[in-house]
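The block underneath contains the structure these notes are about, expressed in structure tokens.
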Amino acid sequence: MQHIPSATSVRKPHRRFGIVRVSVYMAFLLIIASWIYLFIGEQANLAELFSAKNVRYAVQFLSGLAGVGVDHPAFLDIESWKRALALTYQTLQMSLMAIGFATLGMLLTVIPASRVVAGGTESALLRAWNRIVYGLVRAMYVISRSVPELIWAMMIIFFFKPGLLPGAIALALHNFGILGKLCAEVVEDLDMRPIRNLASSGASKAQILIYGIIPAVLPRFLTYILYRWEVIIRTTIVVGFVGAGGLGHEFKLSMSWFHYTDVTLYLLCYLMLVFAVDLISAGLRRWMQ
Amino acid sequence: MSSKLLDFHKKNILTVLLSAVFIWSLFSVQWGPDLFHPGGQAALGQMMQGLLQPDWSPAILRLALSAAWTTLAYAVAGMSLAIVIALVFGVLASGVLASTRTARNVQVIGFRGALGFMRAIHELVWAWLFVAAIGLSPFAGIFAIAIPYGGILGRIFADMLQDVPEEPITALRAAGASRLQLLCYGYVPIAMADMLSYLMYRFECAIRSSAIMSFIGLGGLGFQIQLSLQDLRYDQVWTFLLFLIALVVLVDMWSQLLRKRLVA
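These protein sequence lines are chains A and B, in that order. Position one of the first sequence corresponds to residue 1 (this note's numbering), numbered consecutively onward. Position one of the second sequence corresponds to residue 1001 (this note's numbering), numbered consecutively onward.
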């Protein structure tokens, strides 16, 4: 049974398995090296984790959260609840502001960031200019999404006084890059035929935008915006740690003052907010479809 | 035709609604010059200057390299635990192992609820709770990454397992496969490519999360950034930031390479 395989049937699966296999080996190598480093270099000690002292601390902390032995636990106090709900309301506003800023930034940059426009058939000078703008915007996206919200917040707090605005801007800076990348992909994946049709029947650039591009990309954009809003609401508490307002700030203060029943209260409000936003966002997305 | 018209209205209504909510949120801030620090503008200028001239001295580079490795190690360790959590909880939450309809419903609701709780709380909040409970140990950071990422991965894995087409599973079942065999030879191989590509995307996120674990006192790039910010050494801040960006971009490139092979 002499069987001579053709070049494509042999090489292609070979190459396909190459990358996957190398990745799997690399992943195992990384996992092993990381654990060794953490156990030796960082002195992670599993036995110490469950020592009697630690167990006592953990029990103490958990009973503190549950308000064992506290006369007036904050989560049973009407006044505390009122204060916490006001903070929850502020946090919600901060998240809305953040996703709004991120969306505005994305809308301003998404057209030059997509290759559809960058690869047009204009004069050589215009094409070079478009390439440069494309590269700059894409670099901006990479920088803004690679830096976590908390670090943006740490830097921005040098410029703004503590409050809701710096928190919203820090959240917006990180999500601007992510939204921009996702939405530029949507624009690039657009079905170009309706747009060519519009252009060939003499539509101006503005008309192409309004009748061709916006109706086609809007549903996907809205889906991504709602999805990022869900992520932002979870992160609002974290930017609060470094001086942006809302639940995070009070959470940090209560943690530092060992007011553990307040911590429980804020965590409850935070969880309520997260689940409410998840429900609203999922509901809106289903309604839109 | 009428339903088309309705669709058009719905997304426009949603756009108007979201814009209105955004404008309403702007009223929560008292706009004015009071928002800025007196010396804020100077700080911003220095920060921009730092971006143009990062500190490339050998000592800082060596520090940045070792900090980048610490950040990567925490992310990898956290992710490796998250995968274990996600596989166990994800399979149970998808209900493919359940024998009866009631058992399936109980499993799905119970484990999806657990996964929802794990991912509802941000990793840094988990980290802080762990530090308060067990003290500052590397495990606080590892668990803090593993739990929320286990939650999100588990939920997505469960969704993917539930979306597996019926026909191959029915064929396997007709051939007499047990439920465990259905899972190993039916569900998992079909969903594997999607699961891996989502995993790589989450790994990129885990690197960012691991960088902010510095906030509770663990080492890594975030810690160095925090120190340099406190020293007002913006040129060093940007060196560490650029290392973080490079790390994220490298992982992103790896994941794109892998995704192209797996999904296409």
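Ideal placement from N, C-alpha and C gives every residue a C-beta, glycine not left out.
- Using a Cβ-Cβ cut-off of 8 Å, A/Trp129 is close to nothing in chain B; its nearest Cβ partner there is about 23 Å away.
- One alpha carbon belongs to A/Tyr57, the other to A/Leu65, and they sit about 12 Å apart.
- When DSSP states are grouped into helix, strand and coil, A/Gly163 belongs to the strand group.
- When C-alpha distances from A/Arg131 are compared across A/Val147, A/Arg145, A/Ile111, the shortest belongs to A/Ile111.
- As computed with DSSP, B/Phe1036 is found in a beta bridge with A/Phe160.
- The beta carbon of B/His1122 sits closer than 8 Å to the beta carbons of Pro1148 from its chain, once the five residues preceding and following it are set aside; these are given in chain order.
- Annotation: the continuous alpha helix (DSSP H) that includes B/Asp1159 extends over 1138-1162.
- With a minimum length of 4 residues, the unbroken runs of alpha helix (DSSP H) contained wholly in the segment 1055-1142 of chain B fall at 1058-1094, 1101-1120, 1123-1134.
- Closest in C-alpha terms to B/Ala1211, from the list B/Val1088, B/Ile1190, B/Arg1155, B/Val1076, comes B/Val1076.
- Using beta-carbon distances, B/Ile1145 does not count as an interface residue toward chain A, since no partner is under 7 Å.
- With fewer than three CB-CB distances shorter than 8 Å, the segment 214-227 of chain A does not count as touching the segment 238-252 of chain A.
- In the DSSP annotation of this structure, A/Ile111 is not part of any alpha helix (DSSP H), being labelled neither H nor E.
- Per DSSP, the unbroken alpha helix (DSSP H) holding B/Glu1204 starts and ends at 1188-1212.
- Residue state for A/Ala244 is assigned as strand, using DSSP reduced to three classes.
- The beta carbon of B/Met1200 lies closer than 8 Å to those of Val1251, Trp1254, Ser1255, Leu1258, Arg1259 in the same chain, with the five residues before and after it left out.
- The C-beta separation of B/Leu1247 from B/Ile1225 comes to about 13 Å, leaving the pair out of contact by the 8 Å criterion.
- For the 7 Å CB-CB criterion, A/Ala74 and A/Asp262 form a contact.
- By the rule that beta-carbons nearer than 7 Å mark a contact, B/Ile1085 does not touch chain A.
- Within the segment 18-38 of chain A, the residues whose Cβ lies closer than 7 Å to some Cβ of chain B are Ile19, Val20, Ser23, Leu30, Ile31, Ser34, Trp35, Tyr37, Leu38, listed in chain order.
- Between A/Ile195 and chain B, the shortest Cβ-Cβ separation is not below 7 Å.
- Residue contact check for B/Ser1028 against chain A: a CB pair falls below 7 Å.
- Between the alpha carbons of A/Tyr141 and A/Val186 lies a distance of about 15 Å.
- Residue environment: B/Pro1058 is assigned as exposed (fewer than 16 neighbouring CB atoms within 10 Å of its CB, all protein chains considered).
- The closest CA to that of B/Leu1182, considering only B/Tyr1198, B/Ala1193, B/Val1164, B/Asp1194, is found on B/Val1164.
- Taking A/Met255 as the centre and dropping the five residues before and after it, the same chain places the C-beta of Val263 closer than 7 Å to its C-beta, in chain order.
- Each of B/Asp1194, B/Trp1128, B/Leu1092 was checked against the Cα of B/Ala1114, and the nearest Cα belongs to B/Leu1092.
- Contacts with chain A at 7 Å (Cβ-Cβ) include B/Leu1014.
- At a cut-off of 7 Å between C-beta atoms, B/His1009 does not count as an interface residue with respect to chain A.
- CA-to-CA, the gap between A/Arg83 and A/His259 works out to about 15 Å.
- For A/Tyr260, the enclosing alpha helix (DSSP H) has its first and last residue at 260-288.
- Contact annotation: the segment 1102-1114 of chain B does not touch the segment 1128-1137 of chain B, with fewer than three C-beta pairs closer than 8 Å.
- In this model, B/Gln1162 and B/Leu1097 are separated by some 11 Å (Cα to Cα).
- Just so you know, the alpha carbons of B/Cys1184 and B/Arg1101 end up roughly 21 Å apart.
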